[in-house]
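Numbering (the working numbering), first residue to last: 46 to 608.
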């Protein structure tokens, strides 16, 4: 006897020996209305949840389970089909000709039993409870079993739990498991919160390379460089016998020249470990020289970190907008990093022309000019104030100024009747000018640079009607920075306008303004990067300008410091 849809039939009917069973006719007829005669229903979400719920009940009661997974001696009855459907790892294990595909007991090493239980809850229910206690173990289990959704959820949870106490450990964990996004965010967090991070035990457990990676970064956020020095010394003293040999490699990333002079003397030079480390003496000597010479001495350690509120800016002094007009009162600074222009205190004698400008330590000196040709003004960058200082012994214009070994030199020029050979030197500590050895040839408008303890004078105009041809350089632009001379031979540079300003800022050469072939001033700014030999056009000046002074200094930016 065979049961077919509730109707009892004989064996003959079921085997075809008799007449086939009658088919019951429709009870009623139906015509399609409004949208067709087919209804396609979907209950995927509720159906899937119900199915998973039943399968989880089967697992709990060990109904239809066909494999036992053992982790740390704890056994978990499971269904091969469910594990294989959810995990590529188990699919490869059970669906191929492996020993485990036939075994009823499979042992898995390298994960925690608690993580395996949470993992199975996720497999059979689609839900998992991630906590600070199990997230690391659950991440490792989901990585092993290749469950991307659970793995990503663990990574997101780790990121949410990041704080100064654990960010370094999280970064190491992320690097170990190739979590590039999490590692990058941990690194950025540690840089942004370095003062707090450096106070925790994880900081003391860093490897030397990891510590160097942080303190060498220009984006390290500290209110002052003293914080970096103290963090380094705390790390060294934590295991001084093993780490004293690494002191020099670490201190070369600390910007010792930017430490306050009193702090430098008391805390750095007074530290016994540093005193007994001759390999560090050169770094100390560099800091001492910077305290005397200021911006005249440049190195990677003299550039402030932006988080301290200081940045290298280019200051533009005076200049003219049109031919024959020398009456711009503006003193403005340009920050290449932000592209912003800011107004500074106006020069008191803005009607001057053909004056000379230089940076002395972190202040500006403006000397001479057609009007009051012996006057000298100093711009105090901390007070944003112009102060008149001692006058030149001999008034002049069309001269050049340069700083060498902490003193400012006024070279050559014109006094209204003839070119000058005289050279004067200014000592800011005594506020006095003194005559030094004169030039061998009287000259106006020369090029002047200080390098390796010497004052170099090139070109210029010996009289009113001729120019010197002793130094030619029509196909190059040469900038002297400390002991490094950078020569850029590039035809792009040949189109530079005359009477432009040039300065080195953040390791790049900037050319600002100038006068074109039509005699009109320009507002263009060109940037030359020596590392790539690429010249780019950057943000324009506030107005077209030429015949201006152009100097780089460090300036405190209150807006940046607050952020």
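Every residue, glycine too, gets a C-beta built ideally from N, C-alpha and C.
Under the three-state reduction of DSSP output, residue 391 falls in the coil class, being neither helix nor strand. Per DSSP, the unbroken alpha helix (DSSP H) holding residue 212 starts and ends at 212–221. With 16 or more other Cβ atoms from the protein chains shown falling within 10 Å of its own Cβ, residue 363 counts as buried.
Going by C-alpha positions, residue 127 is about 23 Å away from residue 180. Taken through DSSP and simplified to helix, strand or coil, residue 430 comes out as strand. For residue 208, there is no enclosing alpha helix (DSSP H), as DSSP gives it neither H nor E.
It is roughly 26 Å from the alpha-carbon of residue 412 to the alpha-carbon of residue 565. Boundaries of the alpha helix (DSSP H) harbouring residue 319: 317–320, taken from the DSSP string. The Cβ atoms of residue 110 and residue 103 sit closer than 9 Å to each other.
Beta-bridge annotation (DSSP): residue 597 is paired with 359. Under the DSSP assignment, residue 586 falls outside any beta strand (DSSP E); it carries neither an H nor an E label. One alpha carbon belongs to residue 409, the other to residue 267, and they sit about 27 Å apart. Beta bridge pairing from DSSP links residue 120 with 115. Here the alpha carbons of residue 446 and residue 245 stand approximately 50 Å from one another. Under the DSSP definition of a beta bridge, residue 566 partners with 560.
Collapsing the DSSP output to three states places residue 254 in a helix.
If you draw a straight line from the Cα of residue 230 to the Cα of residue 216, it is about 8 Å long.
Fewer than three beta-carbon pairs drawn from the stretch 424–432 and the stretch 453–468 are found closer than 8 Å, and the two stretches are therefore not classed as touching. Take the alpha-carbon of residue 327 and the one of residue 484: they are about 35 Å apart.
If one requires a minimum length of 3 residues, the beta strand (DSSP E) runs lying completely within the stretch 425–490 are 430–434, 445–449, 452–456, 468–472, 477–481, in chain order. Inter-segment contact for the stretch 301–310 and the stretch 328–336 is present: three or more beta-carbon pairs are separated by less than 8 Å. Under the three-state reduction of DSSP, residue 382 is assigned to coil, being neither helix nor strand.
In the three-state reduction of the DSSP assignment, residue 402 falls in the strand class. With distances taken between CA atoms, residue 108 lies nearest to 124 out of 124, 116, 117, 486.
Judged by beta-carbon spacing, residue 381 lies within the 9 Å limit of residue 555, meaning their Cβ atoms are closer than that value.
Taking all protein chains in view, the Cβ of residue 599 is crowded by 16 or more other Cβ atoms within 10 Å, so the residue is classified as buried. Shown here, residue 273 sits in a helix according to DSSP, grouped into three states.
Beta-bridge pairing by DSSP links residue 550 to 553. Residue state for residue 408 is assigned as strand, using DSSP reduced to three classes. At a Cβ-Cβ threshold of 9 Å, residue 547 and residue 569 do not count as neighbours.
Counting of Cβ neighbours within 10 angstroms places residue 589 among the buried residues, the total reaching 16 or more. Taken through DSSP and simplified to helix, strand or coil, residue 499 comes out as strand. Here residue 423 is bridged, per DSSP, to 410, 432.
Around the CB of residue 287, fewer than 16 other CB atoms lie within 10 Å, so the residue is classed as exposed. Taking every protein chain shown into account, the CB of residue 192 has 16 or more other CB atoms within 10 angstroms, so this residue is buried. Residue 151: member of the beta strand (DSSP E) spanning 150–152, first to last residue.
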